[in-house]
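*Asks:* My questions all concern the structure below.
Encoded structure:
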């Protein structure tokens, strides 16, 4: 089968199109004929071995696919350890979910990782309450586009979207943000306070560096910053516990695989709710571009440049 393999760690240049044997499903696993592959920012970290979970060489990247099983079921699946950048993939049955009629491939993949991430951040990390203000950094990205819509659907009082270009800020407004700010502002704290008219209740941050530092400084009493990535590849300043007392603030982190350690079917609940909201027209996936499987390198280059919006896909037939 056609696939993309990494044999040495590095940037987009290490993504190499190859021919590999078909994967063999083991007990409790399903072979999926892949229709589309989802591309996530985490894939870029996996390729350079800077992801939270260490990676062994060689490997096929990609943690999510949508396609069909041998008996014709249309499914979307999370892949344990990668393997998605290929014509066929093997997924654990527990990580394989039926795609409802009316949900297209783009929406299925957008909701699987990025939608579920937004859901968990707002529900489990931030415990969003109606009327609260929410800042969504990287608001035009895969998680950000869903988070803006979810926050509005769940009754946020004011959604402030941070983005780096006029086009991205316009998209955030189209998706329901009440106001936008330039994420490159010299004083982001002041920009956020001005946009909201008061201190901020909730911040969703996957940028890191000064964005995180200045967002924490903008939090209201009992405000929460939920940290879920570091797209800027810069460490924020260490958080001193005594400084959290100044506004009774909370800084929390989230890595989606930990959701599967929670009691109950939290991930399944999140995905089902996201599919229902999409079918009802209350949230939508934003297409970010579709690349041939052989052009996976270009997809990673686009992601790392932070020039993309919405959800990026790979077509395994090309």
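In UniProt numbering, the protein residues as written are 1 to 318.
Think of the CB as a built atom: it goes at the ideal place given N, C-alpha and C, for glycine as much as any other residue.
Computed from a prediction, not measured in an experiment: that's the story for all the values here.
So within the segment 13-99, which uninterrupted alpha helix (DSSP H) runs reach at least 4 residues, ignoring any that extend past its ends?
*Replies:* 41-48
*Asks:* Just list the residues that DSSP pairs residue 314 with in beta bridges.
*Replies:* Reading the chain shown from its first residue, position 314 is the one you call residue 314. Its beta-bridge partners are 37, 291.
*Asks:* State buried or exposed for residue 9, treating a residue as buried only when at least 16 other CB atoms are found within 10 Å of its CB.
*Replies:* On the chain shown, position 9 is the one that residue 9 refers to. Counting Cβ neighbours within 10 Å, residue 9 comes out exposed, since fewer than 16 surround it.
*Asks:* If you check the beta carbons only, do residue 223 and residue 202 fall under 8 Å apart?
*Replies:* As a first step, residue 223 is located in the chain shown; it is residue number 223 there, counting from the start. As a first step, residue 202 is located in the chain shown; it is residue number 202 there, counting from the start. Yes.
*Asks:* In the DSSP assignment, the beta strand (DSSP E) including residue 162 goes from what residue to what residue?
*Replies:* Within the chain shown, numbered from 1, the residue matching residue 162 stands at position 162. Counting along the chain, residue 162 sits inside the beta strand (DSSP E) bounded by residues 158-163.
*Asks:* If you follow the alpha helix (DSSP H) that residue 253 is in, where does it begin and where does it stop?
*Replies:* Indexing the chain shown from 1 puts residue 253 at position 253. Residue 253 -> not in any alpha helix (DSSP H); beta strand (DSSP E) instead, spanning 250-253.
*Asks:* Sorted by chain position, which residues of the same chain lie with C-beta nearer than 8 Å to residue 183's C-beta, five sequence neighbours on each side aside?
*Replies:* By one-based count along the chain shown, residue 183 stands at place 183. Answer for residue 183: 137, 138, 162, 163, 164, 207, 211, listed in chain order.
*Asks:* Identify the continuous beta strand (DSSP E) that holds residue 134 and give its terminal residues.
*Replies:* Residue 134 sits at position 134 when you count from the first residue of the chain shown. 133-136 is the span of the beta strand (DSSP E), which, as asked, contains residue 134.
*Asks:* By the 10 Å Cβ neighbour count, where 16 or more other Cβ atoms means buried, how is residue 318 classified, buried or exposed?
*Replies:* By 1-based counting over the chain shown, the position of residue 318 is 318. Exposed, because fewer than 16 other Cβ atoms sit within 10 Å of the Cβ of residue 318.
*Asks:* Between the Cα of residue 38 and those of 308, 290, 209, 135, spot the shortest distance and give me the residue it belongs to.
*Replies:* Here residue 38 refers to the residue found at position 38 of the chain shown. Nearest of 308, 290, 209, 135 to residue 38, Cα basis: 290.
*Asks:* Are residue 168 and residue 309 touching if we call contact CB-CB under 8 Å?
*Replies:* Residue mapping note: residue 168 aligns to position 168 of the chain shown, counting from 1. Residue mapping note: residue 309 aligns to position 309 of the chain shown, counting from 1. Between residue 168 and residue 309, the gap from beta carbon to beta carbon is short of 8 Å.
*Asks:* To the nearest whole angstrom, what separates the beta carbons of residue 120 and residue 254, a pair I think is in contact under 8 Å?
*Replies:* Residue 120 sits at position 120 when you count from the first residue of the chain shown. Residue 254 sits at position 254 when you count from the first residue of the chain shown. That pair is a contact at about 6 Å.
*Asks:* Any idea if residue 56 is buried or exposed, counting beta-carbon neighbours within 10 angstroms, 16 or more meaning buried?
*Replies:* The residue given as residue 56 occupies position 56 in the chain shown. The residue in question, residue 56, is exposed, as its Cβ has fewer than 16 Cβ neighbours within 10 Å.
*Asks:* Would you grab the beta carbon distance between residue 76 and residue 69 for me? Rounded to a whole angstrom, and I think it's under 8 Å.
*Replies:* Residue 76 sits at position 76 when you count from the first residue of the chain shown. Residue 69 sits at position 69 when you count from the first residue of the chain shown. In fact, because the Cβ distance is near 11 Å, the residues do not count as touching under 8 Å.
*Asks:* Could you pull out every unbroken beta strand (DSSP E) segment of at least 3 residues lying fully inside the segment 189-213, listed in chain order?
*Replies:* 200-205
*Asks:* Determine the DSSP secondary structure at residue 142, reduced to helix, strand or coil.
*Replies:* Reading the chain shown from its first residue, position 142 is the one you call residue 142. Note: residue 142 maps to helix in three-state DSSP.
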